[in-house]
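Numbering (the numbering used here), first residue to last: 21 to 589. Here a beta-carbon is modelled for each residue, glycine too, at the ideal position from N, C-alpha and C. Just so you know, these numbers come straight off a predicted model, no measurement behind them.
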């Protein structure tokens, strides 16, 4: 057994003659390692080059985590995909020889690692390894990670010559990794800055005002390369509820609650971020979603000391840990997102105020002008009726007066609706749908028809109601902006049976579950084959997050468009 810890700075003149013979090979390896700037590609190239240079069957490079106590990444060479699956989770670097090199970053050469008392923790399906060579890699004066080589090809142990050439390679690798890490950090910052700008633009242009939280979740998920993006808002009980989801498999996520008693909820609501290395193992993660994920960032959406919610960004189980740079950039993004959400709220409040002022003006005009004229016209017709001597004329005038009376009553009803604030009406699904229909009628220029099937107010839960109303608003908006429709029919059916796996657990027995279905049909131009689908994608995400679905197609007889949105009650 040999344990080497010579100085890291070497002179070519002091090398043995056999090392000098390998100079062309070594120089070629140095050039190969220094090629390219992409960080992970550079890591893989270093591992492959080291294995070839020292004739090692297996090689690995462990990247230290932020506090230098374990491994944040582990890149291997010589292990097949099948072997990697059998071995299971990658090492954390806290035990065995890997941990020894982290605690004492000096070169380590062993003839047989299995006989070293510091060797431990290898999983059952790990390949048998004997000869071992470990060399730290430094970026400037900071230890970046360690290079591990095992199993000399042809048998035997790694030589002093192998140690020297690998240390030279590690020195060059440190320079290459420093450049790659700087390049990667610059790219990350640029990507997050551009993402923050795009988010702010999207929220303030008004195009996605009603889906602001979905926009935040989607954008953050892409930037963080996370498995999901979740936005949580405070509940009346003091906890946090998931209200927006961006994920490939969102079923079962929407509506998840972090209870008020959770230490995570307390920290987040106090404006403190929470970083978790493995959600599936951390005892603080108490929701049913935790076993599905690994590393996670939970960032308060805070602006000017006010916490309006939380942004959660989990990665898949076994995924790489978030770096310090990623944590910092994500925290800055969350602060920017909170500010953009607050500004978007202010903008929407201003727009609502303008709408209410306009409605008040219309109501006054209808009352002061239209009704007075209709009433005056009715009086003139009644006078003409009394003077007429022809029975048919008197009957016709009487019918016209009756129609005017009915019209006046309808106008008065419309005035009452225009003057009614949203909070004045009950919060049932039926009322909310009618309110959306009434609001949409103004820009559309006509009143969409609506029909309810089943006891919609009693059957449909609040979470589904919120998303159904958002879906209805999206469809009506699309009809106004793109369809050019002259007729829209809306049906809300709370008696439908959805497929058996609609609850989102993926294990449905085929019996089906009761749900609510929104069907909107128009006679417009239809959906072009080439065109934006962002609105329709939003509908699908909302439905899937609840365990439902959304689809669209041509209307009856191939005219116009029919959109169907459905979710469990």
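Can you grab the Cα-Cα spacing for the pair residue 214 / residue 236, in whole Å? Roughly 14 angstroms between the two C-alpha positions.
Measuring alpha carbon to alpha carbon, tell me which of 90, 128 and 149 ends up nearest residue 77. Residue 77 has its Cα closest to that of 149, out of 90, 128 and 149.
DSSP has residue 400 in a bridge; who is on the other side? Residue 400 pairs with nothing; no bridge assigned.
Assigned exposure category for residue 527 - 16 Cβ within 10 Å defines buried: Confidence is the limiting factor: at residue 527 the pLDDT is only 43, short of 50, which leaves the residue's position unreliable, though a coordinate-based value still follows. An exposed status is given to residue 527, since fewer than 16 other beta-carbon atoms sit within 10 Å of its beta-carbon.
Less than 7 angstroms between the C-beta atoms of residue 153 and residue 138, yes or no? By the CB criterion at 7 angstroms, residue 153 and residue 138 fall outside the cutoff.
For residue 202, which of helix, strand or coil comes out of DSSP? Of the three classes helix, strand and coil, the one that applies to residue 202 here is helix, per DSSP.
Using the three-state DSSP reduction, which class does residue 99 fall into: helix, strand or coil? Here residue 99 sits in coil by DSSP.
Through-space distance from residue 322 to residue 353, alpha-carbon basis: Rounded to the nearest angstrom, the two C-alpha atoms are 11 angstroms apart.
Residues of its chain near residue 585, where Cβ-Cβ distance is below 6 angstroms and the 5 sequence neighbours each way are ignored: Around residue 585: 491, 538, 559, 563 and 570.
Unbroken alpha helix (DSSP H) run spanning residue 493, endpoints: For residue 493, the enclosing alpha helix (DSSP H) starts and ends at 482-498.
Through-space distance from residue 136 to residue 124, alpha-carbon basis: Their backbone Cα atoms lie some 16 angstroms apart in a straight line.
Between residue 339 and residue 311, is the Cβ-Cβ spacing less than 7 angstroms? In this structure, residue 311 does not lie closer than 7 angstroms to residue 339 by Cβ.
Nearer than 6 angstroms: is that true of the beta carbon of residue 482 relative to any heavy atom of the ligand SAH? As for the ligand SAH, it is missing from this structure, which has no ligand bound.
Backbone CA spacing between residue 505 and residue 545 [nearest angstrom]: Roughly 7 angstroms separates the two Cα atoms.
Proximity below 7 angstroms, CB of residue 276 to CB of residue 309: A distance below 7 angstroms separates the beta carbons of residue 276 and residue 309.
Here's a check: name, in chain order, each residue in its chain whose Cβ is nearer than 7 angstroms to the Cβ of residue 211, leaving out the five neighbours to either side. Taking residue 211 as the centre and dropping the five residues before and after it, the same chain places the C-beta of 243 closer than 7 angstroms to its C-beta, in chain order.
Along the chain, where does the alpha helix (DSSP H) that runs through residue 335 open and close? That residue, residue 335, is in no alpha helix (DSSP H); its beta strand (DSSP E) goes 326-336.
Assign residue 166 to one of three DSSP states: helix, strand, or coil. The DSSP-derived three-state label of residue 166 is strand.
Which residue marks the beginning of the alpha helix (DSSP H) containing residue 238, and which one marks its end? Residue 238 -> alpha helix (DSSP H) spans 232-244.
Alpha carbon to alpha carbon, how far is residue 171 from residue 97? Give it in angstroms, no decimals. Roughly 12 angstroms between the two C-alpha positions.
Assuming residue 241 and residue 266 make a contact with CB atoms under 8 angstroms, what is their CB distance in whole Å? Indeed they touch by this definition, with Cβ atoms about 5 angstroms apart.
I'd like the list of long-range same chain contacts for residue 198, defined as Cβ closer than 6 angstroms, with 5 residues on each side in sequence excluded. Closer than 6 angstroms at the Cβ level, and outside the excluded window around residue 198, lie 159.
Ignore the nearest five residues each way along the sequence and tell me which others in residue 578's own chain have a CB closer than 8 angstroms to its CB. Around residue 578: no qualifying Cβ.
Taking 7 angstroms as the threshold (C-beta atoms), are residue 543 and residue 507 in contact? Less than 7 angstroms divides the Cβ of residue 507 from the Cβ of residue 543.
Three or more beta-carbon pairs under 8 angstroms between the region 98-108 and the region 185-196, yes or no? These segments do not touch.
Collapsed DSSP secondary structure at residue 267 in the structure displayed: Correct three-state label for residue 267: strand.
Helix, strand or coil, according to DSSP, for residue 395 in the structure here? Per DSSP, reduced to three states, the secondary structure at residue 395 is helical.
Tell me, please, which residues DSSP counts as bridged to residue 587. As a beta-bridge residue in DSSP terms, residue 587 pairs with 536.
Using DSSP with H/G/I as helix, E/B as strand and the rest coil, what is residue 182? In the three-state DSSP reduction, residue 182 falls in the helix class (H, G or I).
On the DSSP letters alone, give me the boundaries of the beta strand (DSSP E) that residue 88 sits inside. No beta strand (DSSP E) contains residue 88, which DSSP labels as neither H nor E.
Please report the Cβ distance between residue 480 and residue 514, rounded to the nearest whole angstrom; I am assuming they are in contact, meaning their Cβ atoms lie under 8 angstroms. Confirmed, about 6 angstroms.
Quick one: what does DSSP say residue 557 is sitting in, helix, strand or coil? Helix, per DSSP.
Secondary structure, alpha helix (DSSP H): runs of 4+ residues fully inside the region 116-149: Counting only runs of 4 or more, we get 116-123.
Could you check what DSSP says for residue 105 in three-state terms: helix, strand or coil? Helix.
Bridge partner(s) assigned by DSSP for residue 156: Beta-bridge pairing links residue 156 to 166.
What does a CB cutoff of less than 8 angstroms around residue 143 pick up in its chain, not counting 5 residues either side in sequence? Listed in chain order, the non-local C-beta contacts of residue 143 below 8 angstroms within the same chain comprise 107 and 108, local neighbours out to five positions each way being set aside.
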